[in-house]
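For reference, the structure discussed in these notes is given below.
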Amino acid sequence: MSKTAIVTGASSGIGLAIARALLENDYRVVATSRRISQGRELRPSPRLVLVDGDVGARATAERVVEAAVSSFGGLDLLVNNAGIFLSKPFTEYTASDYDQLLSTNLSGFFHMTQLALGVMDRVEHGHVVNIGTSLSQQPVAGVPSALPILIKGGIEAATRSLAIEYAPRRIRVNTIAAGVIDTPMHAPEQHDALRHLSPTGRLGTAAEVADAVLFLERAGFVSGEILHVDGGAHAGKWA
Ligand SMILES: NC(=O)c1ccc[n+]([C@@H]2O[C@H](COP(=O)([O-])OP(=O)(O)OC[C@H]3O[C@@H](n4cnc5c(N)ncnc54)[C@H](OP(=O)(O)O)[C@@H]3O)[C@@H](O)[C@H]2O)c1
C-alpha cells in the first residue's frame, strides 16, 4: 500500500525534488506552497493534490492535513521544507525581516507539525523530516545569518525533543542539515563564490537532498538525527 506524504514549499528547488522523488517511489503526495497550483512543474493527479497557501497561517496547515486525510486516508510523512533565508549582519535585520522569518520558518513548522502529529498519533505511526541548514552548527564567515539560524537551530533542538516525546508512539522526527544546494534560492552568478562553501568545490543538488529523505524513510531505527547533506562541510575546515 502506498504511503502518503505532505511536502511544504514543493513548488521549487528542494521541495519540488522531494515531491518528485516521492511520487517516483509510489507515494501519494499533498504538495503545498503559496502558488503551487500556478506552476507548471507539478500537475494534480490521482496521487498528487496541490494546496495553495501561506505556510505561516494555521488555516493552510488545516487545509493541507485535511487534504491528506480526505484524499488519501491518512499521513505517513511530513516534510517541512518551505523556508526563506536572509543573510545580513545581525544589526541590519529589520522588524519586517523578523516577522517574515518567524512566520514562514517557525510558524510554518509549528502549525504543520502539530496538526500532522495529531493525525500520526492516532495511528501511532509516522515520520517528520525538517529541512535545515549546516550553518546552524557551522557558521561561515561571510554568510552572517544569526536570525534565520535562531529558528533553524531551534528546529534542530525541537527535532531531538520531539523524537524523544514521540518515540513510544512509533513516530520518528529527523532533520536534514543541507549545505549550499543549487536551487532558485541562489542566483547563478553567485554559484562560483558559493561552491567554495563545500570541500567538494561544488553545490549540492536538490535531488541529493531528496535522496536523503528517501534514505530516512527506509531507515526505521533513525530518529532525532541531524543528517548533514553538505558534501562533508560539517566535518572540518578546508582551504
Ligand atoms: N538552497 C540552499 O542552499 C539551502 C541550504 C540549506 C537549507 N535550505 C532550506 O531548504 C528549504 C528550501 O529551500 P530552496 O533552496 O529549495 O528554496 P526555493 O527554491 O526558494 O523554494 C522555497 C519554497 O518555499 C515556498 N515558500 C516560501 N515562502 C513560503 C510561504 N510563506 N508559504 C508557503 N510556501 C512558501 C516557495 O513557494 P511559493 O513561492 O510558491 O510560496 C518554494 O516552494 C528552505 O527551508 C531553506 O532554508 C536551502
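If you read the sequence shown in the numbering used here, its first letter stands for residue 7, the second for the next number, and so on. Backbone N, C-alpha and C fix where the C-beta goes; we use that ideal spot for every residue, glycine too.
For residue i, which three-state DSSP category applies?
i	result
V228	coil
S8	coil
A245	coil
V186	coil
D236	coil
R178	strand
G19	helix
T14	strand
T100	coil
T206	coil
Please identify the residue among the options whose C-alpha is closest to the C-alpha of residue i.
i	options	result
A65	Q120, P145 and V228	Q120
A11	N87, I20, S17 and R34	R34
H133	G80, K243, A163 and G148	G80
A164	A213, K9 and L112	L112
R46	D32, L22, A67 and D105	L22
D82	G148, G238, V149 and E130	E130
P52	V70, A27 and V36	V36
A184	S76, T139, E195 and I161	T139
A218	T110, L123, S109 and N136	N136
G19	N31, M7 and S39	S39
D103	E162, A16 and I157	I157
V61	T14, W244 and L222	T14
A25	L108, R224, Q106 and N87	N87
R166	F96, I232, E98 and A74	I232
R128	P194, T110, V75 and Y99	V75
**Study point:** Entirely enclosed beta strand (DSSP E) segments - the region 127-172, minimum 3 residues
**Key:** 132-139
Review point. Any contact of the region 205-217 with the region 151-162, i.e. 3+ C-beta pairs under 8 Å?
Key: Cβ pair count under 8 Å is below three, so no.
Practice item. May I have a chain-ordered list of the alpha helix (DSSP H) segments no shorter than 4 residues that lie completely inside the region 22-93? Key: 64-78
Review point. Is there contact between the region 163-182 and the region 197-207, where contact requires at least three CB pairs shorter than 8 Å?
Key: No, they do not touch.
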